[in-house]
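Working notes, beginning with the structure itself.
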């Protein structure tokens, strides 16, 4: 059982959008884990809206 996961994603908007599939897969595979995303400020609102973190 994984208690927590740290995902680090820095880069441009296109890179972030392409990473949304893997973000979803991580969330689906670890539904009970606390998943934290470390990213740049411009992408924080997108991450919050995704409900993966």
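Residue numbers (the working numbering): 6 to 58.
Using N, Cα and C, we set each Cβ at its ideal position, and we do this for glycine too.
Closest in C-alpha terms to residue 7, from the list 13, 47, 41, comes 41.
The beta carbon of residue 13 sits closer than 7 Å to those of 43, all from its chain and outside the five residues before and after it, given in chain order.
The Cβ atoms of residue 47 and residue 18 lie closer than 9 Å to each other. At a Cβ-Cβ threshold of 9 Å, residue 28 and residue 55 count as neighbours.
Residue 9 places its beta carbon less than 9 Å from that of residue 38.
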